[in-house]
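J.:
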Amino acid sequence: MALGLDGGGMKIKIQITIESDEGKPEALQEVAQLNRGSLRPESLGLTLAEARSILAGIEQTVVERQAAEFVAQQRLCSACGQERSCKGRHQIVLRTPFGKLKLESPRLYRCQCESEDRKSFSPLAALLPERTHPELVYLETKFAALVSYGLTVELLKEVLPISQDVSTTAIRQRVRQTAERLEDELGEERDIFIDGCQRDWNELPEPAVPLIVGIDGGYVHAKDQRSRTEGWFEVIVGKSMSQQGGSSKCFGFVNRYDTKPKRRLFEMLKSQGMQMNQAVTFLSDGGDTVRDLQMYLNPQAEHLLDWFHITMRLTVMGQMAKSINTNDQPNLSAEVEKELERLKWNLWHGNVSQGAANRGRSGIRSGHRRPRPRATEVAEGRSRIRDLHQCQPNIYSQLR
Ligand SMILES: [Zn+2]
């Protein structure tokens with residue numbers, strides 16, 4: 196960086212010096228020139244526009260030099276050292292986080308000592324088959340996963356010198372390509388991922404601290420859903436972390452659409468270093484989908500219902516109990532509420548068989564004690580009881 200004082204102003208030149216192997220300066224390339232007057236808050240340091248321009252200038256110079264050096268090396272036959280003759284030149288376009296660059300790419304003939312038919316090849320084009328720098332793919336994919344394509348474009352244009360050719364269409368294509376590549380790398384789906392036997396597991400190194408995996412599902416509805424049966428899908432998401440609060444990882448998939456959900460979860464756990472002799476605790480609401488997902492991934496796995504989902508269901512059952520209104524059994528509502536309290540206490544203290552027995556007595560499950568539909572609220576209560584009948588067995592089959 197060169198400074199020059201000129202009256203009250205300041206001229207700052209930013210130059211790149213390229214050195215030879217011996218450390219001698221070979222070439223000097225000017226990247227930017229900044230002019231500053233008297234100091235004001237907005238003129239302190241670099242503006243965003245200047246930063247973009249400097250980054251673009253450095254990228255251009257560095258990439259051009261690297262490409263030129265690579266091409267110069269390729270001009271000489273690696274076997275005999277003779278110069279390969281040039282068939283022609285063309286330009287290739289390389290997209291990087293710091294600008295879209297056009298690079299000279301010569302086509303060279305193979306040396307006589309390499310092949311008799313002397314085919315030609317383009318070394319630079321062969322070196323860069325993707326034409327998009329991996330760092331740019333990383334940035335585009337990362338932000339497109341966090342915010343909309345439109346906001347991704349806005350953000351990248353704001354901070355990086357890539358304004359010319361970044362568009363939502365380009366970002367969408369890049370995300371799609373990355374997603375397809377990741378999908379292709381994912382192995383086949385299986386029902387069971389537990390590998391080996393106890394004898395093999397005993398020989399494994401001491402495992403890391405146990406992993407904890409929380410899984411839950413949710414429904415995404417279209418804004419203009421035409422009916423209750425169309426315009427929605429179920430998403431299953433989860434997070435895995437170690438008990439010592441180490442790095443965590445998330446996963447997600449669309450239920451019934453994803454053909455490899457179990458493989459996806461298994462690979463994520465494997466990427467966190469999961470071994471077959473390592474304890475893994477799965478927490479979920481016990482729903483069928485999430486229950487099937489977490490089975491047979493690890494022999495030491497423990498499957499728990501999380502207290503949040505248990506209490507949520509007990510709260511719903513409590514509200515239904517309050518709405519019970521029968522003439523022939525005026526105390527039924529209070530009785531059921533008391534039973535529910537007992538059930539909650541038993542579940543909290545791990546008395547699972549007692550809890551399940553209480554639930555059998557609570558009357559909520561037995562058909563002959565169902566409230567009669569005398570008022571609208573009662574009718575609503577009944578439909579919710581039916582819902583509960585459908586989901587309750589999952590809780591208890593998991594608890595046992
Ligand atoms: Zn040769």
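For what it's worth, our numbering labels the leading residue of the sequence shown as 196, then goes sequentially. Ideal placement from N, C-alpha and C gives every residue a C-beta, glycine not left out.
Terminal residues of the continuous beta strand (DSSP E) containing GLN210?
T.: Taking the first residue of the sequence shown as position 1, residue 210 is located at position 15. Where GLN210 is concerned, the enclosing beta strand (DSSP E) stretches over 204-214.
J.: Roughly how many whole angstroms lie between the Cα atoms of GLY545 and ARG451?
T.: As a first step, residue 545 must be located in the sequence shown, where it is residue number 350. As a first step, residue 451 must be located in the sequence shown, where it is residue number 256. Taking the straight line joining both Cα atoms gives about 34 Å.
J.: Among residues of its own chain, excluding the 5 on either side of CYS283, which ones have a beta-carbon nearer than 7 Å to its beta-carbon?
T.: As a working note, residue 283 is residue 88 in the sequence shown. The sequence as given places Gly at residue 283; Cys does not occur at that position. If we look at GLY283 and ignore the five residues flanking it on each side, its Cβ neighbours are ARG302.
J.: What is the rounded straight-line gap between the Cα of MET499 and the Cα of PRO402?
T.: Taking the sequence shown and counting its residues from 1, the one referred to as residue 499 is at position 304. Taking the sequence shown and counting its residues from 1, the one referred to as residue 402 is at position 207. According to the sequence as given, residue 499 is Leu; it is not Met. Approximately 21 Å, taken between the alpha carbons.
J.: Measuring straight from C-alpha to C-alpha, what distance separates ALA222 and VAL257?
T.: Here residue 222 refers to the residue found at position 27 of the sequence shown. Here residue 257 refers to the residue found at position 62 of the sequence shown. Taking the straight line from one Cα to the other gives about 12 Å.
J.: I'd like the list of long-range same chain contacts for VAL404, defined as Cβ closer than 6 Å, with 5 residues on each side in sequence excluded.
T.: Within the sequence shown, the letter at position 209 stands for residue 404. The answer, listed in chain order, is SER437, GLN438, GLN439.
J.: Please classify ALA263 as buried or exposed, where buried requires at least 16 other C-beta atoms within 10 Å of its C-beta.
T.: For the purposes of this step, residue 263 is taken as the residue at position 68 of the sequence shown. Classification of ALA263: exposed, given that the 10 Å Cβ count is below 16.
J.: Pull up the distance between the alpha-carbon of LEU346 and that of ALA340, whole angstroms please.
T.: Residue 346 sits at position 151 when you count from the first residue of the sequence shown. Residue 340 sits at position 145 when you count from the first residue of the sequence shown. Answer to the nearest angstrom: the Cα atoms are 11 Å apart.
J.: Taking just the CA atoms, how far does ILE213 sit from GLU144?
T.: Because the chain in this structure spans residues 196 to 595, residue 144 falls outside the shown range and cannot be described.
J.: Less than 8 Å between C-beta atoms, sequence neighbours within five positions excluded: which residues of the same chain meet that for THR571?
T.: As a working note, residue 571 is residue 376 in the sequence shown. In this predicted model, THR571 has a pLDDT of only 43, less than 50, meaning its place in the structure is not dependable enough to derive any value.
J.: Do LYS455 and GLU384 have their beta-carbon atoms positioned less than 7 Å apart in this structure?
T.: Start at 1 with the first residue of the sequence shown, and residue 384 comes out as number 189. Start at 1 with the first residue of the sequence shown, and residue 455 comes out as number 260. Against a cut-off of 7 Å, the Cβ pair of LYS455 and GLU384 comes out as a contact.
J.: Inspect the beta-carbon positions of VAL226 and ILE207 and report whether they are closer than 7 Å.
T.: Taking the sequence shown and counting its residues from 1, one reaches residue 226 at position 31. Taking the sequence shown and counting its residues from 1, one reaches residue 207 at position 12. No, the Cβ-Cβ distance between VAL226 and ILE207 is not below 7 Å.
J.: By DSSP, does ALA574 sit in helix, in strand, or in coil?
T.: Walking along the sequence shown from the start, residue 574 turns up at place 379. Low per-residue confidence applies at ALA574: pLDDT is 45, beneath 50, and the placement is therefore not dependable, though the value from the model is reported in the following sentence. DSSP places ALA574 in helix when its eight states are reduced to three.
J.: Buried or exposed: LEU535, going by 16 or more other Cβ atoms within 10 Å of its Cβ?
T.: Along the sequence shown, one-based indexing puts residue 535 at 340. Buried.
J.: Closer than 8 Å is the cut-off here; do at least three beta carbon pairs connect the stretch 282-296 with the stretch 352-361?
T.: Yes, since at least three Cβ pairs between the stretch 282-296 and the stretch 352-361 fall closer than 8 Å, the two stretches touch.
J.: Measuring straight from C-alpha to C-alpha, what distance separates LYS457 and ARG486?
T.: Counting from one through the sequence shown, the residue named residue 457 turns up at place 262. Counting from one through the sequence shown, the residue named residue 486 turns up at place 291. Distance between the alpha carbons of LYS457 and ARG486: 11 Å.
J.: In whole angstroms, what is the alpha-carbon distance linking ARG508 and TRP396?
T.: Here residue 508 refers to the residue found at position 313 when the sequence shown is read from its first residue. Here residue 396 refers to the residue found at position 201 when the sequence shown is read from its first residue. Approximately 39 Å, taken between the alpha carbons.
J.: Pick out every residue whose C-beta is nearer than 6 Å to a heavy atom of ligand 1: which are they, in chain order?
T.: The answer, residue by residue, is CYS272, ALA274, CYS275, GLN277, CYS306, CYS308, GLU309.
J.: When you compare only the Cα positions, how much space is there between GLY558 and GLN372?
T.: Residue numbering aside, residue 558 sits at position 363 when the sequence shown is read from its first letter. Residue numbering aside, residue 372 sits at position 177 when the sequence shown is read from its first letter. The pLDDT assigned to GLY558 is 41, lower than 50, so where the model puts this residue is not dependable, and the model offers no usable value.
J.: Out of ARG231, ARG367, ARG235, GLN495, state which residue places its alpha-carbon closest to the alpha-carbon of ASN472.
T.: The sequence position of residue 472 within the sequence shown is 277, counting from 1. Nearest option by C-alpha distance: GLN495.
J.: Please work out which residues of its chain come closer than 7 Å, Cβ to Cβ, to VAL266, disregarding the five sequence neighbours upstream and downstream, and give them in chain order.
T.: Walking along the sequence shown from the start, residue 266 turns up at place 71. Cβ neighbours of VAL266 beyond the five flanking positions: PRO301, PRO318, LEU319.
J.: For GLN228, which residues from the same chain have a beta carbon less than 8 Å from its beta carbon, with the 5 sequence-adjacent residues on both sides left out?
T.: Numbered from 1 along the sequence shown, position 33 holds the residue referred to as residue 228. Excluding residues within five positions, the ones whose Cβ falls inside 8 Å are LYS206, ILE207, LYS208, ILE209.
J.: What does the alpha-carbon distance come out to for the pair ILE387 and VAL432?
T.: Numbered from its first residue, the sequence shown carries residue 387 at position 192. Numbered from its first residue, the sequence shown carries residue 432 at position 237. So the alpha carbons of these two residues sit roughly 20 Å apart.
J.: Assign PHE388 to one of three DSSP states: helix, strand, or coil.
T.: Here the question's residue 388 lines up with position 193 in the sequence shown. Residue state, collapsed to three classes: coil.
J.: Report, in whole angstroms, the separation of the C-beta atoms of VAL415 and SER435, which I expect to be a contact under 8 Å.
T.: Residue numbering aside, residue 415 sits at position 220 when the sequence shown is read from its first letter. Residue numbering aside, residue 435 sits at position 240 when the sequence shown is read from its first letter. Actually they do not touch by this definition, with Cβ atoms about 22 Å apart.
J.: Secondary structure at HIS504, three-state DSSP: helix, strand or coil?
T.: Reading the sequence shown from its first residue, position 309 is the one you call residue 504. Of the three classes helix, strand and coil, the one that applies to HIS504 here is helix, per DSSP.
J.: Reducing DSSP to helix, strand and coil, say where ASN230 ends up.
T.: Counting from one through the sequence shown, the residue named residue 230 turns up at place 35. Strand.
J.: Does DSSP put PRO568 in a helix, in a strand, or in coil?
T.: Numbered from its first residue, the sequence shown carries residue 568 at position 373. Because PRO568 carries a pLDDT of 34, less than 50, the predicted location of this residue cannot be relied on, and no value is offered for it.
J.: Return the bridge partner residues of HIS285 from the DSSP annotation.
T.: Position 90 of the sequence shown, counted from the start, is the residue given in the question as residue 285. According to DSSP, HIS285 bridges with SER300.
J.: Among CYS275, ARG279, HIS504, GLN286, which has the Cα closest to the Cα of GLU259?
T.: As a first step, residue 259 is located in the sequence shown; it is residue number 64 there, counting from the start. Here the closest residue by C-alpha is GLN286.
J.: In the DSSP assignment, find the unbroken alpha helix (DSSP H) run with SER437 in it and report its ends.
T.: On the sequence shown, residue 437 is found 242 positions in, with the first residue counted as 1. Element bounds for SER437: not the alpha helix (DSSP H) but the beta strand (DSSP E), 427-437.
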